[in-house]
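Single-structure report; data block below.
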Amino acid sequence: MTKLAAEWPQEKPRSWFDPPRRLTLTLPGKFFLGLTLAVGLAAINTGNNLLFLLLGMMLSLITVSGVLSEAVIKGISASRRVATGVAGHAIPAQISATNGSNYASLSVELADLEAMAIAGPLVGKPVGLKRHGWWKIWRNQNEGVPIGSAYTIRIDAGATTELDASYEFQTRGIYRLWDFSVVTRFPFGLFEKSRHLAGGLDLIVFPRAKDDPEWQARIFGHFGDTSSNRSGQGDEFFGLKDFREGEDARRIHWKSAARRGKPVVRETERQVHQALEIVLLHHVPKPLKSESLQFEDGIERLAGLIERLFHTGHAVRIVCGNQIVELGEERSRERVLAVLAAVTLEDGIATLADPSPKVGRIVAGPARALGNVRSSDVLLSFGDLHEG
Amino acid sequence: MKADRLEIVHEWSLYLVVLLPVLPLIGTTVLPYAAAALFFAALMASWFTHRAGLGRKIPERLWNVAVLSFVGLGVLRVVFTDTDLLDTVVQLLLILTIVKLFGRWSVRDELQVFVLSLITLAAATTLTDQLVFGAAFSAYVLAGTFALAVFHLRNEVQQRPKISFRGIPTLNRSYALVLAGMSAVVLAASLLVFFAFPRIGLGFFAPKTRDALQMTGFSESVELGNHGVIRDNPAVVIRVEFDERPKDTTNMHWRMMSFDNYDGHSWSRTLNSKQNSLPRVEGDDSRRVSGLSTRQSQQSLAQVFDGSGKISHLQVYLEPLGTTLLPTLWTSESIRLGSESISVPFGPRSGRVERDKYGDIHHTVADQVGLIYQLWAWETPGTMPVDTAPDAFLQLPPLSERFQPFADSIAPGAQEPALIAEGIKSYLQQNYTYTTDLPQVGVSPIESFLFETRRGHCEYFATSATILLRARGVPARIVNGFLGGSWNSVGSFLAVRQGDAHTWVEYFDANRGWVMIDPTPASLLEPPNAAVDAARQYYDAMKLFWTKWIIEYDLNSQLDVFRRLATSFKTPGTSQDTKSEDDPDGQPVPWGPWVLALASLALAWLFASSMLKNRRDVRWLALGVVLIAIAAAATGWAIFEVTTATAAAASALVGAGLAWIRRPRVSSIDQAWFIVERAAKAAGIQRQSDEGPEHFLDRLALAVPTQSAAIGTFQSRYLAARFGANSTQSDIIEAAERLAKSISAHAKTGRQ
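The listed protein sequences correspond, in order, to chains A and B. Our numbering puts the first residue of the first sequence at 13, with every later residue one more than the last. Our numbering puts the first residue of the second sequence at 5, with every later residue one more than the last.
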């Protein structure tokens, strides 16, 4: 059984044997280590003092590299702010790094190296950079890329630096960013040393919004639309306001943000439409692999539909198992999309409650789950079988 | 510094890193001057083509063809000519470096350039051990560290996501200073590691024997009759450190080899002299543990020399001379191979000192290595006390009728050898002139010198004095060696140069033995330019330092350094020479390990308190403390052990096993010589132990007249390869084998 989100530890667990610093060999480091071993062997074998001299240089470089890289990362503390994002799109973030030591830190990278999916289709799986032990020199030490990172050449002693970063996830879900680290390859790029920084963070990654004109035509044809002018999601410009965590980064007005020196978002006029309830069925007996793929596709199409509904001013209520987002709740769009981010196709029999009065109902789910649904509901099937 | 300047700094530092390992190779067989010029031209061309972006226009296939052609050519040269494999490999490295510099388009290409430069530097260690390598190495550490750091920075700037930067990333002055300081730290750390890294050579694949890379050469023959200008060769052959600076070094005679037979043109040795080992000095203080001495014995020269006055201690560093003869100061009291340190008597540097019938001193160490030894010399030189002198020392060459009356006319009436010798010496010094610009001489060089030219160098004076002494019935001989030397005030040592080579005379006095006289008058040569002399002094001092602390630094020196370190911890007043109440056996109390252990504990406490203060992980704190405690215990134990004889004995036991593995290998030139010598011996022509190769082969040619031409060819090839600049040796073994077969066939025919 999959762990609940609350059961995941806030920070990446560390075993007794894990050192407080993580060291990996870079490509130049591999060359250098190989040459050091070869020179060492030749020196010991031949007793040639000049080879010992060379060996001395190479060992010193390794030692100095270790000492300086430690000095660089030792005094660094950092925090980051990451906006809610959409799978497959860059998520902007800000990392604030402070150098608490008495000397400048050079060539520093701050990165969320790994995250654990605590909800969504990848639940229980780590994403991001996979690092192998330094002794496995026959393979790439780092597999993949960090989820997000920022680099700076210098952080002065006692200074705090704000760095822009970019995060990216390919799959929707809720992720625990539990391996936030300060990383450096200073001074020679032979080794990559990292130190874990405290500060686990959960990040919701919404599903990609895929437009399905056929679904949208059916919904708008069935329920119709009316409009009124209010601040909210729409096409017309309404005003500017400060960017808040969780807001859609695509709405940042970059020109104004650059002028003001802080991110601001564009508010648009909202067109108020009829309230709709979307019931998402996510249980089928013994789900097939093809159904899982169709489910993912369906979630993206549903996200596209919901985005469209919010855009056109509809009030949307979503019911997904025990999770319900009521009409008119604050930040209901984000909350509805968060439900879509976290849902997974599970083994079981889907049940459907009676519809709420005065609320149009849309029932979406795998084709097999829609078998006993009343004909008055609009059915959106995640598959090829009897859609509609 | 702007970002584009970072690129420029990177470019310069990369080229510097490529250039520095190549510098020590210039002028060697790997990179003759013409090839070096080509290399630099290619280097410059790559600089400009890269900057102009033309490198891509050169098709990659062209480079592949060039490299493969060189590889093919190299294989052919190694197989069919005398080209050394290592030389070819290093040349290939240089070609690859150039190719990479022309076609570097990615970080990986530049990384490969760094790797190639490092491999070239490693290869250079086996090709040269000259001071220029030391200079290039130091520069390489500084430049290489800086270059590597700049390379890293540039890659970070290029590869990190653009979003990371706010504005143009810069390499400012403080950053550059940090990198420069770091380079200096790495250089210092390199030297520290160099001195501390255990010098235990396993020698599984190669012997730990340094070849005579710079064979300064010492002639084992004296030949008169040549003319022309003798050049003052400034190459230092002997460096001598004194406990106290001597008042006068100009009259120091470094005796090496004496001769008995003069055929009118050249001197040779005819006595079949067996070498005898010299006895240990009574009360020799070399430590002994379980029968294994921990340093080589001090051997007495009482059977060779006598003298009087105070005895002074000299530390001698001898460059490779290609002979087993050992320069000894006239007159020395005793001798010990190695330095004044714990010295384990095994390996290629071990050996003993022997004397032959001439009284010449030999060592048994491989003759192609430089040697370190100590001398104890008399303040007032004496003589070589012997009872009789063989008749060989009265032999005279064919002389004209006017010679004997001339000899009798010098110091007429004198009967005592000393009076005759002094008379001849005074006569020559007053009536003849020293010159290095030798005039043309006649059939008999000596008679030309005495009766016609009246000018010559030391060999003419010494030979004339010897022949005149013999003509007067006084046994005499000439001696080759070095005279004087120049005091190096920078390094506080005496530098004896090849230009100080000298010949003098020893005559036999029945009451005193062999007495030395030097009939050569003082030279009127101009002293060297002051600036040149100062530069030479600095260079020599650096070379001594380089030889002493880098090239010759071995396990013995290392143990000595540790021993001195441990001694510095001892309680004041206790020393090895004085017995204390605590230590009735005279062994010092080993305070060092205890002090070290306490220091380590203090360090552990500081570490622990720092960890607690910073609220670090307690597990790592515990681990750190345990590691420090183990390190302290191990260091203490190691220091204690190396200061005791137990460690030395253990080293000796291990070393004795390794000695066999690391035994000196015979070079192909020596091998060729042994083949011929064995064949000659089988044919009944045995080489005398005091006989030089040239003389022996001459004698062999006379004994085997049918092969005299082949022997002559072999002789010239062998001498050129062994002592000359031409080290061609590819088919010398085959030539020796062919010659040996012919000699055997001749012997067989003779027996039939």
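Cβ atoms here follow ideal geometry from the backbone N, Cα and C, with glycine treated the same way.
Shortest alpha-carbon distance to residue i belongs to which of the options?
i: LYS361/B; options: ALA140/B, PHE678/B, ARG481/B; result: ARG481/B
i: TYR321/B; options: VAL308/B, TYR377/B, ARG359/B, LEU329/B; result: TYR377/B
i: TYR542/B; options: TRP508/B, LEU631/B, TRP491/B, ASP264/B; result: TRP491/B
i: LEU432/B; options: VAL447/B, GLU738/B, SER468/B; result: SER468/B
i: LEU333/B; options: ARG359/B, PHE309/B, ALA147/B; result: PHE309/B
i: GLU420/B; options: PHE455/B, VAL519/B, LEU80/B, LYS552/B; result: VAL519/B
i: LEU454/B; options: VAL241/B, LEU77/B, LEU472/B; result: LEU472/B
i: GLN286/A; options: ASP254/A, HIS326/A, ILE318/A, ARG271/A; result: HIS326/A
i: PRO21/A; options: ALA50/A, LYS253/A, ASP214/A; result: ASP214/A
i: GLY395/A; options: PHE44/A, TRP28/A, LYS142/A, VAL296/A; result: VAL296/A
i: THR87/B; options: THR32/B, GLY363/B, GLY696/B, VAL478/B; result: THR32/B
i: LEU391/A; options: GLU346/A, LEU67/A, GLU289/A, GLY68/A; result: GLU289/A
i: LYS685/B; options: SER712/B, ALA751/B, ALA626/B; result: ALA751/B
i: VAL413/A; options: ILE85/A, ASN154/A, ARG329/A; result: One cannot answer for residue 413/A here, as it falls past the ends of chain A, which runs 13 to 400.
i: LEU196/B; options: ALA744/B, ILE554/B, SER748/B, ALA705/B; result: ILE554/B
i: ILE167/A; options: ARG230/A, PHE200/A, THR110/A, ALA129/A; result: THR110/A
i: LEU321/A; options: LEU49/A, ALA169/A, ARG345/A, CYS332/A; result: ARG345/A
Can you confirm whether residue i, when its beta carbon is compared against all beta carbons of chain A, has any partner nearer than 8 angstroms?
i: SER557/B; result: Contrary to the premise, residue 557/B reads as Tyr rather than Ser in this sequence. Chain A, which has a Cβ nearer than 8 angstroms to the Cβ of TYR557/B, makes this yes.
i: GLU4/B; result: Limits of chain B in this structure are 5 at one end and 756 at the other, which puts residue 4/B out of reach.
i: SER294/B; result: Its pLDDT being 40, under 50, SER294/B is placed unreliably in this model, and the coordinates cannot settle the point.
i: THR129/B; result: yes
i: ILE554/B; result: yes
Express the C-alpha separation of residue j and residue i in angstroms, rounding to a whole number.
i: GLU303/A; j: VAL98/A; result: 23 angstroms
i: LEU382/A; j: GLU259/A; result: 33 angstroms
i: LEU403/B; j: ARG476/B; result: 14 angstroms
i: THR384/B; j: ARG81/B; result: 59 angstroms
i: THR101/B; j: ALA46/B; result: 10 angstroms
i: LEU296/B; j: ARG703/B; result: The predicted model places LEU296/B with a pLDDT of 43, which falls under 50 and marks its position as unreliable; any figure quoted below should be read in that light. Using only the alpha carbons, I get a separation of about 43 angstroms.
i: ARG373/A; j: PRO32/A; result: 54 angstroms
i: ALA18/A; j: PHE249/A; result: 40 angstroms
i: SER395/B; j: ILE521/B; result: Per the sequence shown, residue 395/B should be read as Asp rather than Ser. Each residue's alpha carbon lies about 20 angstroms from the other.
i: LEU305/B; j: PRO709/B; result: 43 angstroms
i: GLN675/B; j: ALA739/B; result: 11 angstroms
i: HIS2/B; j: VAL154/B; result: The shown model of chain B, from 5 to 756, leaves out residue 2/B, and the question about it has no answer.
i: PHE141/B; j: LEU98/B; result: 17 angstroms
i: ARG691/B; j: ILE715/B; result: 15 angstroms
i: GLY403/A; j: THR92/B; result: With chain A covering 13 to 400 only, the question about residue 403/A has no answer from this structure.
i: MET186/B; j: ALA116/A; result: 14 angstroms
So with Cβ pairs under 8 angstroms, would you call residue i a contact of chain B?
i: LEU39/A; result: yes
i: TYR163/A; result: yes
i: SER72/A; result: yes
i: MET128/A; result: no
i: GLY87/A; result: no
i: SER119/A; result: yes
What is the C-beta distance between residue i and residue j, in whole angstroms, given that I count them as a contact (C-beta under 8 angstroms)?
i: VAL26/B; j: LEU35/B; result: 7 angstroms
i: PHE203/A; j: SER81/A; result: 7 angstroms
i: ALA95/A; j: ALA261/A; result: 5 angstroms
i: ALA151/B; j: SER17/B; result: 3 angstroms
i: LYS429/B; j: PRO283/B; result: At roughly 34 angstroms, the Cβ-Cβ gap does not stay under 8 angstroms, so LYS429/B and PRO283/B are not in contact.
i: ILE736/B; j: ILE673/B; result: 6 angstroms
i: GLU319/A; j: ALA221/A; result: 5 angstroms
Any 3 or more C-beta pairs closer than 8 angstroms across the segment 174–191 of chain A and the segment 350–361 of chain A: yes
If contact is defined by three or more beta carbon pairs under 8 angstroms, each pair taking one atom from either stretch, is the segment 228–235 of chain A in contact with the segment 204–213 of chain A? Contact annotation: the segment 204–213 of chain A does not touch the segment 228–235 of chain A, with fewer than three C-beta pairs closer than 8 angstroms.
Okay, do the segment 56–69 of chain B and the segment 154–164 of chain B touch, 3+ Cβ pairs below 8 angstroms being the bar? no
Under 8 angstroms: do the segment 66–77 of chain B and the segment 128–136 of chain B share three or more Cβ pairs, one atom per stretch? no
Using 8 angstroms as the cut-off, can you tell me whether the segment 120–136 of chain A makes contact with the segment 158–168 of chain A, which would need three or more C-beta pairs spanning the two stretches below that distance? yes
I'd like to know if the segment 246–254 of chain B and the segment 510–519 of chain B are in contact, where contact means that at least 3 CB-CB pairs between them fall below 8 angstroms. no
So does the segment 313–329 of chain B actually touch the segment 236–244 of chain B, counting three or more Cβ pairs closer than 8 angstroms? Taking one beta carbon from each stretch, the segment 313–329 of chain B and the segment 236–244 of chain B have 3 or more pairs nearer than 8 angstroms; the two touch.
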